[in-house]
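Residue numbers (our numbering): 7 to 193.
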């Protein structure tokens, strides 16, 4: 399916120069002179390369449809992550760098969605939000509470996030996996 270069959104998978790319970041720019364009940061899903490309509104790119399948995360084996197909119970090992930074949020038994291109796994989508326990939270500096301020805290998986001042160590919170941001307290 062809889409205009300015209609690309983060997360879209496109075919560009013979490769399969995921749009990571986009920035729409309207210079004072000339036509508007979309600056797209893309990551190659096959070999992991990154590139920045400018797409004008007249340009079209092929949007790729990927097959998705439900998998369950089992365990970490060196720098490989092991997943199980929920239908056939077949196990698949994938390199940790295929997932990138969100891999820190993987928990045993977590349900994920694997994206396949020509039967080959090329990416793994985690849930948007996961629960974690704060193991370390900095003290609030007196006088900083007049405006909405956040303080650094460390989760049980080692990830650092900014949390509101009332959150203390031992509190369970919900974290946005892809933005690494505090969402709310866990119920």
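C-beta: ideal position from N, C-alpha, C; glycine also.
Which ranges does the beta strand (DSSP E) cover as unbroken runs of at least 3 residues, wholly within the segment 121-163, from first to last along the chain? Segments of the beta strand (DSSP E) lying fully in the segment 121-163: 126-131, 135-143 and 157-161.
For residue 35, which residues in the same chain have their Cβ closer than 7 Å to its Cβ, ignoring the five residues on either side in sequence? Position 29 of the chain shown, counted from the first residue, corresponds to residue 35. The residues are 42, 43 and 45.
Just to confirm, is the Cβ distance from residue 87 to residue 108 under 7 Å? As a first step, residue 87 is located in the chain shown; it is residue number 81 there, counting from the start. As a first step, residue 108 is located in the chain shown; it is residue number 102 there, counting from the start. Contact annotation: residue 87 and residue 108 have beta-carbon atoms that are not nearer than 7 Å.
When you compare the segment 73-82 with the segment 51-65, are there three or more beta-carbon pairs, one atom per stretch, that lie closer than 8 Å? Touching, no.
Figure out for me which residue from 186, 142 and 183 has the closest Cα to the Cα of residue 171. Looking up residue 171 in the chain shown gives position 165. Checking every option, the nearest Cα to that of residue 171 belongs to 142.
Would you call the segment 17-24 and the segment 77-85 in contact, with 3 or more CB pairs under 8 Å? Here the segment 17-24 makes no contact with the segment 77-85; the two share fewer than three CB pairs at distances below 8 Å.
Tell me the rounded alpha-carbon separation between residue 94 and residue 78. Taking the first residue of the chain shown as 1, we reach residue 94 at position 88. Taking the first residue of the chain shown as 1, we reach residue 78 at position 72. Rounded to the nearest whole angstrom, the CA to CA distance from residue 94 to residue 78 is 12 Å.
Could you tell me the distance, in whole angstroms, from the CA atom of residue 50 to the CA atom of residue 30? The residue given as residue 50 occupies position 44 in the chain shown. The residue given as residue 30 occupies position 24 in the chain shown. Each residue's alpha carbon lies about 10 Å from the other.
Span of the beta strand (DSSP E), counted from its first residue to its last, around residue 87: Residue numbering aside, residue 87 sits at position 81 when the chain shown is read from its first letter. Counting along the chain, residue 87 sits inside the beta strand (DSSP E) bounded by residues 86-91.
May I have the straight-line CA-CA distance separating residue 16 from residue 70, to the nearest angstrom? Counting from one through the chain shown, the residue named residue 16 turns up at place 10. Counting from one through the chain shown, the residue named residue 70 turns up at place 64. Within the model, the alpha-carbon separation for residue 16 versus residue 70 is close to 14 Å.
Alpha carbons only, please: which of 177, 185 and 119 is nearest the one belonging to residue 193? Stepping through the chain shown from its first residue, residue 193 is reached at position 187. Considering only alpha carbons, the answer is 177.
Can you grab the Cα-Cα spacing for the pair residue 185 / residue 122, in whole Å? Position 179 of the chain shown, counting from 1, holds the residue named residue 185. Position 116 of the chain shown, counting from 1, holds the residue named residue 122. Going by C-alpha positions, residue 185 is about 24 Å away from residue 122.
Residues sharing a beta bridge with residue 182, DSSP: Translated into positions along the chain shown, residue 182 becomes position 176. Beta-bridge analysis with DSSP links residue 182 to 135 and 187.
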